[in-house]
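Have a look at the structure below before the remarks.
Residue numbers (the numbering used here): 23 to 146.
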């Protein structure tokens, strides 16, 4: 599924990792033809659209969601969004968890600064 989505839509890997179920599915459960990528998700913080029009892309998404259902990853008690929680990530790790974004560069420095000073007692 990952290859079909990246190659048929031009979505970047980090954008795909941050995509939610409700970004791709309508509440009725049908796959959206056009997906709006929020500014928080895209490179350069500019919103854009991708198009899910390739039939094999649809088949790959259907197969992935069926696999998630078999593993009971992110299921809801409601019937909307094919029974998935709408705000869960579409793509999950092999353990059923959302991917974590690596902290690097300036973000790493900001994170380090926010954790407070490092003292001998805090290293334990």
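No residue lacks a Cβ here, since even glycine has one placed at the ideal position from N, Cα and C.
Nearest residue (CA-CA) to residue i, options the options
i           : options               : result
residue 79  : 109, 121, 54 and 106  : 54
residue 117 : 75, 89, 74 and 99     : 89
residue 183 : 38, 49 and 37         : This structure leaves residue 183 out entirely; the chain is present only between 23 and 146.
residue 51  : 120, 121, 115 and 100 : 100
residue 63  : 36, 77 and 76         : 36
residue 34  : 65, 119 and 61        : 65
residue 109 : 96, 76 and 75         : 96
residue 23  : 76, 67 and 92         : 76
Strand pairing of residue i, partner residues [DSSP]
i           : result
residue 73  : 56
residue 120 : 114
residue 42  : 111
Residue i vs residue j beta-carbon contact at 8 angstroms
i           : j           : result
residue 57  : residue 46  : yes
residue 113 : residue 25  : no
residue 94  : residue 107 : no
residue 59  : residue 72  : yes
residue 121 : residue 61  : no
Inter-stretch contact at 8 angstroms, needing at least 3 Cβ pairs: the segment 25-33 / the segment 78-93: yes
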